[in-house]
Every structure is written in structure tokens, then in C-alpha cells.
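Shown next, in C-alpha cells, is the structure this report addresses.
2 protein chains.
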Amino acid sequence: MTRSIALFGTGLIGGSFALALRRRHPDLHVVGRDRDLEAARRALELGFIDTIAGSVADAVRDADLAFLAVPVAQMPGLFAEIAATPVPADLVITDAGSTKGDVVDAARGALGTGVARFVPGHPIAGREVHGPDAALASLYEGRDVILTPLVENPPAVVARVHAAWTACGARVTRMPVEQHDRVLAAVSHLPHMLSYALVAQIVDSADAALKLGLAGAGFRDFTRIAASSPEMWRDIALANRTALLAELDDYIGLVHGLRGAIDAGDGGALEALFDKASRTRQAWKRGEMP
Amino acid sequence: MTRSIALFGTGLIGGSFALALRRRHPDLHVVGRDRDLEAARRALELGFIDTIAGSVADAVRDADLAFLAVPVAQMPGLFAEIAATPVPADLVITDAGSTKGDVVDAARGALGTGVARFVPGHPIAGREVHGPDAALASLYEGRDVILTPLVENPPAVVARVHAAWTACGARVTRMPVEQHDRVLAAVSHLPHMLSYALVAQIVDSADAALKLGLAGAGFRDFTRIAASSPEMWRDIALANRTALLAELDDYIGLVHGLRGAIDAGDGGALEALFDKASRTRQAWKRGEMP
Chain A
176 MTRSIALFGT GLIGGSFALA LRRRHPDLHV VGRDRDLEAA RRALELGFID
226 TIAGSVADAV RDADLAFLAV PVAQMPGLFA EIAATPVPAD LVITDAGSTK
276 GDVVDAARGA LGTGVARFVP GHPIAGREVH GPDAALASLY EGRDVILTPL
326 VENPPAVVAR VHAAWTACGA RVTRMPVEQH DRVLAAVSHL PHMLSYALVA
376 QIVDSADAAL KLGLAGAGFR DFTRIAASSP EMWRDIALAN RTALLAELDD
426 YIGLVHGLRG AIDAGDGGAL EALFDKASRT RQAWKRGEMP
Chain B
176 MTRSIALFGT GLIGGSFALA LRRRHPDLHV VGRDRDLEAA RRALELGFID
226 TIAGSVADAV RDADLAFLAV PVAQMPGLFA EIAATPVPAD LVITDAGSTK
276 GDVVDAARGA LGTGVARFVP GHPIAGREVH GPDAALASLY EGRDVILTPL
326 VENPPAVVAR VHAAWTACGA RVTRMPVEQH DRVLAAVSHL PHMLSYALVA
376 QIVDSADAAL KLGLAGAGFR DFTRIAASSP EMWRDIALAN RTALLAELDD
426 YIGLVHGLRG AIDAGDGGAL EALFDKASRT RQAWKRGEMP
């Protein structure tokens, strides 16, 4: 059981993790650290951390679990700091990064054989608001968390991370790192790229103001994710480059085919594609799998 | 003022038009006609039509406004039937088709000089449910309606259609046919194609069930419109072929560029594109124009 956490990143993701675990384990001790000192102070005021760590060494000294909830681009630096610090023998480390291949590479590079204590993770949960005040004890309830255990991880180490997420109310799925990155590229990273691209196309075109003035509910939903953080999505696109490029290539090919069917007036091909998509989307909404 | 309407198509769009006008003009007489006799009977039960017309001639005999709310693919046949029928001298015709170039071509072809009485229109409003029971008197309140008047239309004819939509509570915008089709291709037709394509790509890929099982809120919103009617969108894609192909070509070019930036690790180019889209989408949500 987790008794003491080193929380790196005291915003929405880290804060919600601490709040959720504390609900189950009221005696849990949480030491927080954030590059943004204001965020750490606010986390202390809100009570989901007990102290602010002055250094990485202070944060992990008495921890049995370190939770890395920092932007993916900050992970390599954080792993390097942890590698340079004495840590408790039973310390387990996990993270909440949206991509896993690059985080695992950074962890292996910095920790060496110590990567055995690092279990990569990714909670599929979020909110449109961020920071300590956005943290919710219920954020992970009924949500999926993907763990991508490494060959170096002893089963007991994976089990501890798994149990922490279960205690948060999450549904844990395990898969290889590469599969995680391909799955997320398809259902999350690719749609973000496509949504950004549509808005960019419209704003740079003739009649942009007229178009935006007449855009309705379809545009609204399709482009909601185009309001997301440019920095975060730049980092994700680069971090998951290989899988995302494969998805983009498939997509460009598919849209080329769709273009050809429209050009050729091939109503049958269009209807078949739309019908397959429509039936799939309707089944998905009902909670059915293909 | 409109006193008597010939309503072709007694579903969501036509029914809502009749209900909205009747609220302002309680003495309005509505004659309904629908290829689906059950839909016409239900409209009669719901009271938004007063009689069911046995023929096109019966429908228009005493009408001063004919409202064509049938699928775009049925417009040519309906115009041909109207052309073959004696109509009142002051009859004005308008429609609610999602595309305008093809509808205008059909109207010109069938009506000849009689096209002067036809004012093309497109209400930017809808619901996810269809048919007579989905009709709402409030459907068009505060919504945009685009009219694309023809050079043949006398101003008084356009004014009558304009006034009918204003009486429904709509905000009327006028523009040329070609501009309407380009604007709608960009903000509506293109996103529908792209949303269908993403769902089709996922369902035909490896790990489809796993991907759909882990798809979150971003996927949900991006693909909501992929649940739309395959037949209707096949017809729209073909009807607005020219404008849609131009938008698709621009989009494929933009996504190619995005792909290149990811492949080259060009974070600056990615962030610039995402940032432009993100600021535009956020301003749009606040009701600001670029």
C-alpha cells in the first residue's frame, strides 16, 4: 500500500491523483514539487500536498511512490535529477505522460538498470481547465488508465502502480509501449492534428470571417479540440512522431480515395464509406464494440 | 404577408417552418405533401398542416409560398412537377437545401423564365432527430438563414422570402450561390468528410476494438458528425462537388505540410499552426471574428 507520495507536478493530473488516493488512504503523506512555485503553494493551501519539497532529493527521501505529472518535454530532465539522487530501495516511479515511447527512452537513458522501478502509465482523463484548482478527487473514477510495463519491471512493482490507480477508481489496462502509442495516435493525436488543420485552413482562406460567422454545431464539435494547448500538442506530435506519421499517411491515403470518389461521382463508394463510419460511431455511442 | 403555404416535405425542416410561421400568423393555411404518406398523416395529426395535398397541383393551387424541404436529390423531380403544373401568378418558391448551385441548376432547367419566382435558401439549423415529431416552432430562432437570390428575382419576391424567415425568428444573410457553396464546403461539408474518414480508418485498422474502447472525449466530439445520415451526405458531397474538391485539395496540402513538419521535428512550425488555430477557435467560442 502506498503511504507516502512524491508528487512532481501539482496541477490537474497530479492533484487529482493525490486527492483520489487520500480519499481511500486518509493517512497518506504527499510531498509536492512543481517548477511553478505558485502552483505548489496553491496545492498546499488546497491541502492535497502536505509539504513543498525544496529539491528532488527532499521529495523522494521518504516516498514509496513517485508520480510524475509534468509535461512530457520535462520528463528527461526530471529523470536525470532523480538518477542523480539517492532514493529509497522500495521507491516505485510512475508517470502520466500522453506518450510512452519517448518517456521510456528518457527513463532508460537516465536510470539505467534503475528503470526496473519505473512503470510507465497514462490516465485517459482530463478537463478543459488546468492547475491545482482544477484537481478533482473524482477525475479518474471509471476512466481508463493504460500501463505499459517494461520487461525490467518485477511483477510486484507493476502491481503497486496498478493498485494505486484502482484505488483512484480507474479501470487499468496493460499493453506494450508501442501499442499504446499507436492506439493513442489513432484516436487522439491524429484527430487533434486534423482539427487544428481545419481551423487553420478556414482562418487563412477567403471569407474567413463570413465562414466563421456561419459555422454551426458540426464545426463547433469537430474543432473543440483545436482550442487545446499549442505547446502541449507540439510536444505530443514530436514525442509520438513515428506512430503519428503512420496514422497521418493512412489518413492522407483515405482522404485521397474519398476525393477520387467525389470527383468520379461514385455515390456508391461514398455511401459505403459513410455508412461504415456512421454505424461504427453509433455503435460506439451505445458502448458496443465493432 | 404569407397567408397560404404549400409545404413539400413535412419533416423536421418543413414542419418547424410551418410551426414558426403559424405562431406569428395564426390564420396561416398549410397544405402538406410528402413522399412518405405516414409523415404527411403525422403532420396532420400534429396540426402543423391543415390538409394533405393529393398532387403537386392541389398543393400549390391556393398557395402564395411554396417551401421545398425535401432531400436535395429530390429537388429536380419536384421542380419538374411544379413546372408541369398551373401555379398562382404571385406564387413564390423557396427551398431549404444544404447546397445551392445544384438546386439552382435544377430550378433553371425545369422552370425556365419561371425561375424568377424561386429564391434559393438554406437555414443553418437542424437537430439529431428527424421527421414530423422532431419539428419545433423555435428551431430557427436566432439561427442563420442564407438566401442566394438570383439575377432573375424581382426584389419584392426576395423580400417576401426574407420576411417569412424573419417571422420565424431567423437572421437572414444574402450572398451569391457560389459563395454559399464555398462557405458551406469549408465549415460543414469538409468536416463531415474528415470525420467520416477518421472513423472509417480506425474501424478498418489493427486493434480497432481496443482503439474504440480507449477513445475519449476528443474522439467523441470530433466524430459526432460521423453518425450523420450516409445517404444525405453522399448527396451533399456530390451536389457540392466543385467547392468540396477545392476545399479537400487545400486540406490535403495543409496536412501534407503538417506531416512534413512532424517528420522534420520542426516544433516551431507546428506550434505556429496550432497556436493560430487555437486562438481562432477560442475567439470563435467567445463570438469574436478574426
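Chains A and B, in that order, give the protein sequences. As numbered in the numbering used here, residues 176 to 465 make up the first sequence, in order. As numbered in the numbering used here, residues 176 to 465 make up the second sequence, in order. From the three backbone atoms N, C-alpha and C, an ideal C-beta is built for every residue, glycine too.
Query raised in the report: Would you say N415(B) and L369(B) are within 9 Å of each other, going by their C-beta atoms?
Result: no
Query raised in the report: In the DSSP assignment, what residue or residues form a beta bridge with T348(B)?
Result: I321(B)
Query - Reference H337(A), options V294(A), A309(A), Q376(A), closest by Cα - result: V294(A)
Query - Where L203(B) falls: helix, strand or coil (DSSP) - result: coil
Query raised in the report: Can you tell which of Q457(A), D280(A), D202(A) has the C-alpha that lies nearest to the C-alpha of R399(B)?
Result: Q457(A)
Query raised in the report: Counting pairs of beta carbons, one from the region 300 to 313 of chain B and one from the region 244 to 254 of chain B, are three or more of them closer than 8 Å?
Result: no
**Report entry** Three CB pairs or more closer than 8 Å across the region 208 to 223 of chain B and the region 187 to 197 of chain B
**Finding:** yes
Query raised in the report: So, using beta-carbon positions, are L385(B) and Q376(A) closer together than 9 Å?
Result: no
Query raised in the report: Got a sec: is the Cβ-Cβ distance from D379(A) to anything in chain B below 9 Å?
Result: yes
Requested in this report: Determine whether the Cβ of D308(B) lies closer than 9 Å to any Cβ atom of chain A.
Outcome: no
Query raised in the report: Just curious, the alpha helix (DSSP H) that P366(A) is in, first and last residue?
Result: 365 to 378
Query raised in the report: Of all Cβ atoms in chain B, is any one closer than 9 Å to the Cβ of D396(A)?
Result: yes
Query - Terminal residues of the beta strand (DSSP E) in which L182(A) lies - result: 179 to 183
Query - Validate contact between the region 331 to 348 of chain B and the region 377 to 396 of chain B using beta carbons, cut 8 Å, 3 pairs - result: no
Requested in this report: Could you name the residues of chain B that R416(A) contacts, counting a contact when the two beta carbons are closer than 8 Å?
Outcome: I437, D438, G440
**Report entry** Segment limits, alpha helix (DSSP H) that includes P405(B)
**Finding:** 405 to 414
Query - Whether P366(A) touches T323(A) by CB criterion (9 Å) - result: no
Query raised in the report: For P261(A), does the three-state DSSP call read helix, strand or coil?
Result: coil
Report task. Verify the CB distance criterion: does M368(A) have a CB-CB separation below 9 Å to chain B? Result -> yes
Report task. Could you list which residues in chain A have their beta carbon closer than 9 Å to that of G391(B), in chain order? Result -> I299, A300, G301, R318, D319, V362, S363
Report task. Report the residues of the region 445 to 456 of chain B with a CB closer than 9 Å to any CB of chain A, ordered along the chain. Result -> L445, E446, A447, L448, F449, D450, K451, A452, S453, R454, T455, R456
**Report entry** R208(A) - partner residues in DSSP beta bridges
**Finding:** F183(A)
Query raised in the report: DSSP three-state call for T226(A): helix, strand or coil?
Result: strand
Query raised in the report: Could you give the residue range of the alpha helix (DSSP H) that holds T341(B)?
Result: 330 to 342
Query raised in the report: For A439(B), which option in T417(A), L429(A), P201(A) has the closest C-alpha, if you only look at C-alpha atoms?
Result: T417(A)
Query raised in the report: What do you reckon, are the CB atoms on V278(A) and A390(B) nearer than 9 Å?
Result: no
Query raised in the report: Using a Cβ-Cβ cut-off of 7 Å (strictly less than) and excluding sequence neighbours within five positions of A214(B), which residues of its own chain qualify?
Result: T185, G186, G306, P307
Requested in this report: At 9 Å on the CB atoms, spell out the chain A contacts of Y315(B), in chain order.
Outcome: By Cβ distance, chain A contributes nothing, its closest Cβ being about 13 Å from Y315(B), past 9 Å.
Requested in this report: Using three-state DSSP, classify V267(A) as helix, strand or coil.
Outcome: strand
Query raised in the report: Is A259(B) buried or exposed, if buried means 16 or more other CB atoms sit within 10 Å of its CB?
Result: exposed
Requested in this report: For my contact list, L316(A) and A291(A) are in at a C-beta cut-off of 8 Å; report their separation, rounded to the angstrom.
Outcome: For the sequence presented, residue 316(A) should be read as Glu rather than Leu. No, E316(A) and A291(A) are not in contact; Cβ-Cβ is about 30 Å, not under 8 Å.
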